[in-house]
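In the working numbering, the protein residues as written are 36 to 101. Heads up, the thing below is written out as structure tokens.
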Ligand SMILES: [Zn+2]
């Protein structure tokens, strides 16, 4: 299941979610303020991002909810 990144239009939080690709664009609630005004960002997979200062250290595969 691919990992998608979302940003909240209400509080500005970005968060990641593992979802089936069929639900990638489905509405998702913000984990912080529970707003549904969220938008999907481009997957960090496809961008081939350089891992400089990436919060994803490769250990564990869970989302970083705390
Ligand atoms: Zn929010």
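Where is the CB? At the ideal position from N, CA and C, for every residue including glycine.
Starting from residue 42, follow its DSSP beta bridges and name the residues at the other end.
For the purposes of this step, residue 42 is identified with residue 7 of the chain shown, where counting begins at 1. Looking at the DSSP assignment, residue 42 forms a beta bridge with 49, 74.
For residue 67, which of helix, strand or coil comes out of DSSP?
As a first step, residue 67 must be located in the chain shown, where it is residue number 32. Three-state result, residue 67: coil.
Grab me the residues of residue 74's own chain with a C-beta within less than 8 Å of its C-beta, minus the 5 sequence neighbours each way, in chain order.
One-based indexing of the chain shown puts residue 74 at position 39. The residues are 41, 42, 44.
Would you decide whether residue 65 is buried or exposed? Buried here means 16 or more other CB atoms lie within 10 Å of its CB.
In the chain shown, counting from the first residue as 1, residue 65 sits at position 30. Buried, because 16 or more other Cβ atoms sit within 10 Å of the Cβ of residue 65.
Please list, in chain order, all residues of the same chain as residue 53 whose beta carbon is under 6 Å from its beta carbon, the five residues on each side excluded.
As a working note, residue 53 is residue 18 in the chain shown. Hits under 6 Å: 36, 38.
Please determine whether the Cβ atom of residue 48 lies at a distance below 6 Å from any heavy atom of ligand 1.
Within the chain shown, the letter at position 13 stands for residue 48. Flag set: Cβ of residue 48 near ligand 1.
Among residues of its own chain, excluding the 5 on either side of residue 56, which ones have a beta-carbon nearer than 7 Å to its beta-carbon?
For the purposes of this step, residue 56 is identified with residue 21 of the chain shown, where counting begins at 1. Once the five neighbours on either side are set aside, the close Cβ partners of residue 56 are 37.
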